[in-house]
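For reference, the structure is listed below as structure tokens.
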Amino acid sequence: MVRYLEKSEYGKCRPLWEEAFPEDSKSFADYYFSEKLPGSKVLAIEGGKLLTMAHLNPYTISVNGKKWELPYIVGVATAAHQRHKGYMRQVLNQMLRDLNQEKKPFCFLMPAAEAIYRPFQFAFIYDQPVWKPEDEPEKDLEKVPVDLAEKSEELAHWLNNWLEKRYEVYAVRDRAYMELLKKELESEAGEVTGLYEKDGKLHALEAWWGLGKREERFYYSISEIKPSDMHPAIMVRITDVRSLLEVIGLNENAPGDKFQAVLSIKDPIISENEGCWLWKLGKNGSTLERMKGLGLQTEADEAEQIPSSSEVLEINIDELAQWIFGYKTLEETLGVMPPFWTEYVRTLQGVFLDEVV
Numbered sequence: 005m006v007r008y009l010e011k012s013e014y015g016k017c018r019p020l021w022e023e024a025f026p027e028d029s030k031s032f033a034d035y036y037f038s039e040k041l042p043g044s045k046v047l048a049i050e051g052g053k054l055l056t057m058a059h060l061n062p063y064t065i066s067v068n069g070k071k072w073e074l075p076y077i078v079g080v081a082t083a084a085h086q087r088h089k090g091y092m093r094q095v096l097n098q099m100l101r102d103l104n105q106e107k108k109p110f111c112f113l114m115p116a117a118e119a120i121y122r123p124f125q126f127a128f129i130y131d132q133p134v135w136k137p138e139d140e141p142e143k144d145l146e147k148v149p150v151d152l153a154e155k156s157e158e159l160a161h162w163l164n165n166w167l168e169k170r171y172e173v174y175a176v177r178d179r180a181y182m183e184l185l186k187k188e189l190e191s192e193a194g195e196v197t198g199l200y201e202k203d204g205k206l207h208a209l210e211a212w213w214g215l216g217k218r219e220e221r222f223y224y225s226i227s228e229i230k231p232s233d234m235h236p237a238i239m240v241r242i243t244d245v246r247s248l249l250e251v252i253g254l255n256e257n258a259p260g261d262k263f264q265a266v267l268s269i270k271d272p273i274i275s276e277n278e279g280c281w282l283w284k285l286g287k288n289g290s291t292l293e294r295m296k297g298l299g300l301q302t303e304a305d306e307a308e309q310i311p312s313s314s315e316v317l318e319i320n321i322d323e324l325a326q327w328i329f330g331y332k333t334l335e336e337t338l339g340v341m342p343p344f345w346t347e348y349v350r351t352l353q354g355v356f357l358d359e360v361v
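In the numbering used here, the protein residues as written are 5 to 361.
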């Protein structure tokens, strides 16, 4: 039976974690199980011991200015001797349906392998940029060790400003976030350095970690630096399409302040997303209403003379995610020219999700 574990049972997850993720150091696992996991949910199947699990780690995510507490899915694993029995499918399907009932617009994860999650309609929406400190154009900067916990509120404010100016989808930083990040980095001998201008203003924040091979954990700079590398990193699964599209509105190409058209969505797992919707778009957001007939407009709509189109956008839920998050154009995703009115939709501009767990 699929069920959520009680917090007192979370210790059951450690043996399966160590079996599934042998590359993680003991110190990192200690951090995760003592500091991170207690604030999360665990959905699992048992059979004497834990057979399958998925951890839902909550983050406050800002999406075009609206904030939701959404789950970052980690620790997805099945015991080696119990694989290919459908346990993972049961857990993930239950998780997705539960998130829909909670009206969570989406969940996200960093896949060990894309092929594992494609059958559940997860799709890439974020490529991780790698910025190198040596590419920093501002050379006259003083490097100073930084304590993320000691300066948690100041650094959270700086980072939120940095993110807000560049992205429309990101995890909001606060004191708790910075304090946990410090412990996460310390579990792998992490070091954080601030790069300061002559007047004392913080220009960039850099972190390296790794008990063996040292790796850059992040480099955030107010300079506009071209990434030295970009690689697909985060997949998203839309779980409540009506909630997500609340933050999507019309762009400057639209013929007015309102427009409506038909959206036909295919979702093989979440029936609440499936079907034909009347998409009513405004400048600052939109709503979806289930189609009850063939008519696009009510008498009130006709009286208000709202522009509309009967041209239907037929789309799978994963294709919709890649379009709405600005990862791909509809033409790239669908392989055909989409309805003309889709050019009026303002999709999300810029995603940044660099969390590890």
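Glycine included, each C-beta is placed from N, C-alpha and C at the ideal position.
Indicate whether the contact test is met: 3 or more Cβ pairs, each with one atom in the stretch 103 to 119 and one in the stretch 240 to 251, closer than 8 Å.
yes
Return yes when the Cβ of Leu-338 is within less than 9 Å of the Cβ of Ile-319, no when it is not.
yes
Alpha carbons only, please: which of Ser-290, Leu-74, Gln-264 is nearest the one belonging to Leu-357?
Leu-74
Is Asn-61 helix, strand or coil when you go by DSSP?
strand
Taking buried to mean at least 16 other C-beta atoms within 10 Å of its own C-beta, is Ala-275 buried or exposed?
The question names Ala, but residue 275 is Ser in the sequence shown. Its Cβ having fewer than 16 others within 10 Å, Ser-275 is exposed.
Would you kindly work out how many angstroms separate the C-alpha atoms of Glu-27 and Met-239, rounded to a whole number?
22 Å
Starting from Leu-334, trace the alpha helix (DSSP H) both ways and give me its first and last residue.
334 to 338
Please classify Val-148: is it buried, with 16 or more other beta-carbons within 10 angstroms of its beta-carbon, or exposed?
exposed
Coarse secondary structure for Asp-233, derived from DSSP in three states:
strand
Residues in its own chain within less than 6 Å of Ala-307 by CB, not counting five upstream and five downstream?
Interpretation of Ala-307 is limited by its pLDDT of 46, a score under 50 that renders its predicted location unreliable; no figure is taken from the coordinates.
Considering only residues of the same chain and omitting the five flanking positions on each side of Gly-330, which have a CB-CB separation below 6 Å?
Thr-351, Leu-352, Gln-353
Val-316: buried (16+ other C-beta within 10 angstroms of its C-beta) or exposed?
exposed
Is the beta carbon of Pro-137 sitting closer than 9 Å to the one on Tyr-223?
yes
Considering Ile-49, what are the terminal residues of the beta strand (DSSP E) in which it resides?
45 to 50
Please give me, in chain order, every unbroken run of the beta strand (DSSP E) with length at least 3 that falls completely inside the stretch 133 to 166.
146 to 149
So, helix, strand or coil for Leu-185, using DSSP?
helix
Determine whether the beta carbon atoms of Ala-208 and Ser-227 lie at a separation below 9 Å.
yes
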